[in-house]
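Here the structure comes first, spelled out in structure tokens, and everything after it is commentary.
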Amino acid sequence: SVLSSTLPSSWFTSNSIIDIINNEIVYKDWIYLGPITRFFKDINESHIQYDFGIKDSRFFILCEHDENSQHVSGYLGDYQTDVITNGKKLDELNQIATQLTETGLIFINFQRNPKASLFDHFGPVLSSLINKINFRKLRYKRTLIYTAKYNFMTFLDGYQECLHCSYTHPLLSKNYNLSSYEIKNHKHFSQHIALPDQNNEIEVENDQTNALFLYFFPISTLNIYGGGMNCFRVIPINKNTSRMEIDYYFDNESVTGPNADPNSEFEKYFRFCRQVQTEDLELCEATQENLDIGVYQSGTLNPHKENGVIFYQGLIRDRVV
Numbered sequence: 001s002v003l004s005s006t007l008p009s010s011w012f013t014s015n016s017i018i019d020i021i022n023n024e025i026v027y028k029d030w031i032y033l034g035p036i037t038r039f040f041k042d043i044n045e046s047h048i049q050y051d052f053g054i055k056d057s058r059f060f061i062l063c064e065h066d067e068n069s070q071h072v073s074g075y076l077g078d079y080q081t082d083v084i085t086n087g088k089k090l091d092e093l094n095q096i097a098t099q100l101t102e103t104g105l106i107f108i109n110f111q112r113n114p115k116a117s118l119f120d121h122f123g124p125v126l127s128s129l130i131n132k133i134n135f136r137k138l139r140y141k142r143t144l145i146y147t148a149k150y151n152f153m154t155f156l157d158g159y160q161e162c163l164h165c166s167y168t169h170p171l172l173s174k175n176y177n178l179s180s181y182e183i184k185n186h187k188h189f190s191q192h193i194a195l196p197d198q199n200n201e202i203e204v205e206n207d208q209t210n211a212l213f214l215y216f217f218p219i220s221t222l223n224i225y226g227g228g229m230n231c232f233r234v235i236p237i238n239k240n241t242s243r244m245e246i247d248y249y250f251d252n253e254s255v256t257g258p259n260a261d262p263n264s265e266f267e268k269y270f271r272f273c274r275q276v277q278t279e280d281l282e283l284c285e286a287t288q289e290n291l292d293i294g295v296y297q298s299g300t301l302n303p304h305k306e307n308g309v310i311f312y313q314g315l316i317r318d319r320v321v
């Protein structure tokens, strides 16, 4: 069989490629944001303002909720400026598409009327994966936003394989059996499967019905394990800059025992996440430096160990060319 080649190395150092990706993919595809509990506050109606840091990407999500129901809607613009200061009505703003799933996840599309519905876009397998978890149990804890010195595809190249994990992520390899690591690709998303090591230190549950690792093309991930969840968006800013947005959640009910302290357990989970994420940041920025000076050229990809890279790069290639 013919081996798949990587995308041209020039694509990782091109502003024009990033512009095409933003215009043809980011602005047109469904994007996973997070669980609806991100929007839960003491009042029945709340909003969260977003700004991806790229042209025409300021938007806000309105959430109306009570004990029995939740409703979400999204609009381009700035809530404080447009609605509060200038007194605009919502029907005067450009609405974007939103979708709240049965178990509490929110997806958005910058198009008011997307070409495909959410589940047509991602395919039937997604429902079977996300419907087994009640995401409404997760409580929002914090968000980290920072600028990273790498092309968003440089980051995804690393996220969509785990060949580097054993030597780059010692804590991850200590808690997971990385020899069993595999990626299953579906329609516009991938499922990462990693079985916990029996001697893991972060109390990752051996019951895999409560662990889920998903990459949603093009820019989002969902990682839930050990009572916590982190969701990040890697947003293409330019050829060697990305905006990282990482939201953290925790299920307080997962902590039991006479001396149970959900806050300290979350901080333990958070430290584990941040170590892995910092290791990835350093690796990806070093890789981007090599790309910028022309050290790296395109090559072939391992069909078994790098099938996740083949998958997402294929989607990029199909939309850009």
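So for the sequence shown, full-length UniProt numbering puts the first residue at 1; every next one is plus one. Glycine included, every Cβ here is placed at the ideal spot set by N, Cα and C. Please read these numbers as outputs of a predicted model, since none were measured by experiment.
Whether residue i touches residue j by CB criterion (7 Å)
i      : j      : result
Ile235 : Ile219 : yes
Asn86  : Ala97  : no
His186 : Val125 : yes
Tyr140 : Arg38  : yes
Lys89  : Asp82  : no
Gln191 : Leu222 : no
Cβ-heavy atom distance, residue i to the ligand GTP, below 6 Å
i      : result
Leu163 : This structure simply doesn't include the ligand GTP, nor any ligand for that matter.
Continuous alpha helix (DSSP H) stretch holding residue i: start and end
i      : result
Cys273 : Pro262 to Asp292
Leu126 : Val125 to Ile130
Asn134 : It is not in any alpha helix (DSSP H) - Asn134 carries neither H nor E in the DSSP assignment.
Val320 : Asn307 to Val320
Cutoff 6 Å; reference residue i; Cβ partners in own chain excluding five residues on either side
i      : result
Ile193 : Glu182
Glu24  : Arg319
Cα-Cα separation, residue i to residue j
i      : j      : result
Ile54  : Met244 : 13 Å
Gln99  : Lys137 : 19 Å
Ser5   : Leu315 : 13 Å
Glu289 : Thr278 : 17 Å
Gly104 : Gln70  : 9 Å
Thr154 : Lys239 : 10 Å
Ser57  : Leu93  : 14 Å
Pro8   : Asn177 : 33 Å
Val204 : Ser14  : Confidence in Val204 is poor, its pLDDT being 45 and thus under 50, which makes the residue's placement too unreliable to answer from.
Leu118 : Lys28  : 12 Å
Pro35  : Phe152 : 23 Å
Nonlocal neighbours in the same chain, by C-beta distance under 7 Å from residue i, ignoring five residues either side
i      : result
Gly158 : His164, Asp280, Leu283 and Cys284
Tyr312 : Leu156, Gln160 and Phe217
Glu102 : Asn131
Asp51  : Ser57 and Arg58
Where the beta strand (DSSP E) through residue i begins and ends
i      : result
Phe250 : Thr241 to Phe250
Leu212 : Leu212 to Phe216
Tyr181 : Tyr176 to Asn185
CB contact check: residue i to chain B, cutoff 7 Å
i      : result
Ile130 : Of the chains in the structure shown, none is chain B; there is only one protein chain.
Per DSSP, the bridge partner or partners of residue i
i     : result
Gly74 : Ile61 and Ile96
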